[in-house]
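For the sequence shown, the numbering used here begins at 1 and goes up steadily by one.
By construction, the Cβ of each residue, glycine as well, lies at the ideal position given by its N, Cα and C atoms.
Small disclaimer: the values here were computed from a predicted structure and weren't measured.
Here the structure comes first, spelled out in structure tokens, and everything after it is commentary.
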Amino acid sequence: MSPAPEFNLASRTLDDVAVAGKRVLLRADLNVPVRDGKVMDATRLERLLPTIQELSDKGARVIVLSHFDRPKGQVVPGMSLKPIAESLGRILGKPVGFAANCIGPEAENAVAALNDGDVLVLENTRFHAGEEKNDPEFAAQLAKLGDIFVNDAFSTAHRAHASTEGIARHLPSFAGRLMQAELHALEAALGNPQRPVAAIVAGSKVSTKLDLLNNLVTKVDILVIGGAMANTFLAAQGLSVGKSLQEPGLQGTALEILKTAAAKGCEILLPQDVVVAETFSANVPTKVVNVEDIPDDAMALDVGPATVEAFVKRLPEIKTIIWNGPLGAFETKPFDASTNTLAKAIAEATKEGKVISVGGGGDTVSALKLAGVHHDMTYLSSAGGAFLEWMEGKVLPGVEALSKAFSNLG
Ligand code: ADP
Ligand code: MG
């Protein structure tokens, strides 16, 4: 299988551009959780440090662009990037400037005052309606502020916005280190993986993962289906799933997916056993039952130990694993058990160098953190929606813009 061209980034990263003395517009994702003006989780900021530090150390004038929250084209004071710029400065260990607008005289003056190595954050790009509309005029105004565009925000690359796509039409454009790492990990997992490659797809609903399932059955050798979405597949095969979460309207779709998989030579692993309870709350009495024996008054809230063991036994033959979706209702104990067991087995195999493991998705990242293995996976994507769209086989405009810019602007 040939890799998608947009992931061929080997020649256009920070290795391929001299940035000293240049004004570098860096699209970052500063959209971190904030409460009462305080950053609650700085993971996203920490992941940006390699790019910012490298640019600054090399003498670039670093101008950071980002959206924050959803101000919908209006100035919303509570959605200012100012407190986040301050937080970034603390983490970076050097002063970070702030301009109260991302275009116009305020931004221009702040940029003009920069010295080599300085870092400046511009105000929320989404305070302007032109951002989400990808207005060419707004993109041109942003581009005017810099000599080079570096995109380090894979997590917003699925949106064709002015600061992710439009701007790349104006400036020589490069992938930042985080973007580079993300694309390389994704390429290794699904673009051009070592085979056999297995995907684990779970979570709550088939309906939110339809495109993903349809794409994966054509690309992977083994597809493990877990979580509540497995209930829909079980029901489609004529099994009774009791009070379990399922989507009766999607049983036909589920059967179609199984048919495509069979035609493409993709082996599907559905649960053999499940953990059931009569009510859904923490530490209720549970039972492990075979999927044929789900009681009418019970719901399947996790896949069972035999299911996990069956997959773990296959691990030695698998070279690449891609994971989206917790196997059970992991937020509520003990329905995190199978996710934890599988996560630990995959982490172990990864540490031993036996498998490449890539995970992503909002809840998946939380679940793998709770399992304590988030540092032991080959790569854990912090990009929720962009990761899913990439797994669906979609072209991400922000990534495509970089590769187009490669050919247009040399
Ligand atoms: P991600 O955010 O990683 O893409 P999803 O949002 O698709 O993952 O799925 C995660 C959700 O699925 C979690 O809230 C989890 O509780 C739920 N879930 C998984 N298995 C079950 C189940 N058997 N019954 C009910 N909910 C489940
Ligand atoms: Mg989710």
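Using 7 Å as the cut-off, classify the Cβ of residue i as near or not near the heavy atoms of the ligand MG, replying yes or no.
i    : result
G385 : no
Is residue i helix, strand or coil when you go by DSSP?
i    : result
A60  : coil
D363 : helix
D302 : strand
R27  : strand
K38  : strand
I318 : coil
A18  : coil
A329 : coil
S357 : strand
S207 : helix
V395 : coil
A199 : strand
G238 : coil
T13  : strand
V220 : coil
L388 : helix
S338 : helix
I294 : coil
N214 : helix
S403 : helix
L142 : helix
L245 : coil
N231 : helix
L409 : The predicted model places L409 with a pLDDT of 48, which falls under 50 and marks its position as unreliable; any figure quoted below should be read in that light. Three-state result, L409: helix.
Examine the ligand ADP and report whether any of its heavy atoms sits within less than 7 Å of the Cβ of residue i.
i    : result
E165 : no
N192 : no
G203 : yes
G242 : no
P326 : yes
D41  : no
L210 : no
G413 : The requested residue 413 is not part of the displayed model; the chain covers only 1 to 410.
A329 : yes
A300 : yes
L245 : yes
L388 : yes
Within 10 Å of its beta-carbon, does residue i have 16 or more other beta-carbons around it, so buried, or fewer, so exposed?
i    : result
N115 : exposed
E247 : buried
Q74  : exposed
T279 : exposed
A230 : buried
E131 : buried
Q180 : buried
E165 : buried
L250 : buried
S240 : exposed
A282 : exposed
A383 : buried
K22  : buried
R159 : buried
S66  : buried
S2   : Low local confidence applies: a pLDDT of 37 at S2 is under 50, so the model's placement there is unreliable, with the coordinate-based value given in what follows. Per the 10 Å Cβ criterion, exposed.
P105 : exposed
L255 : exposed
D273 : buried
A491 : The requested residue 491 is not part of the displayed model; the chain covers only 1 to 410.
A262 : exposed
P193 : buried
D16  : exposed
M391 : buried
N290 : exposed
M377 : buried
Segments of 3+ residues assigned as beta strand (DSSP E) that fall wholly inside the segment 49–132: 61–65, 96–99, 119–122
What residues come near the ligand MG, if near means a beta carbon less than 5 Å from any of its heavy atoms? G362, D363
Ranges of the beta strand (DSSP E) found wholly within the segment 146–191, counting only runs of at least 3: 148–151, 173–175
With a floor of 3 residues, list each beta strand (DSSP E) that falls wholly inside the segment 257–289, ordered by position along the chain. 267–269, 273–277
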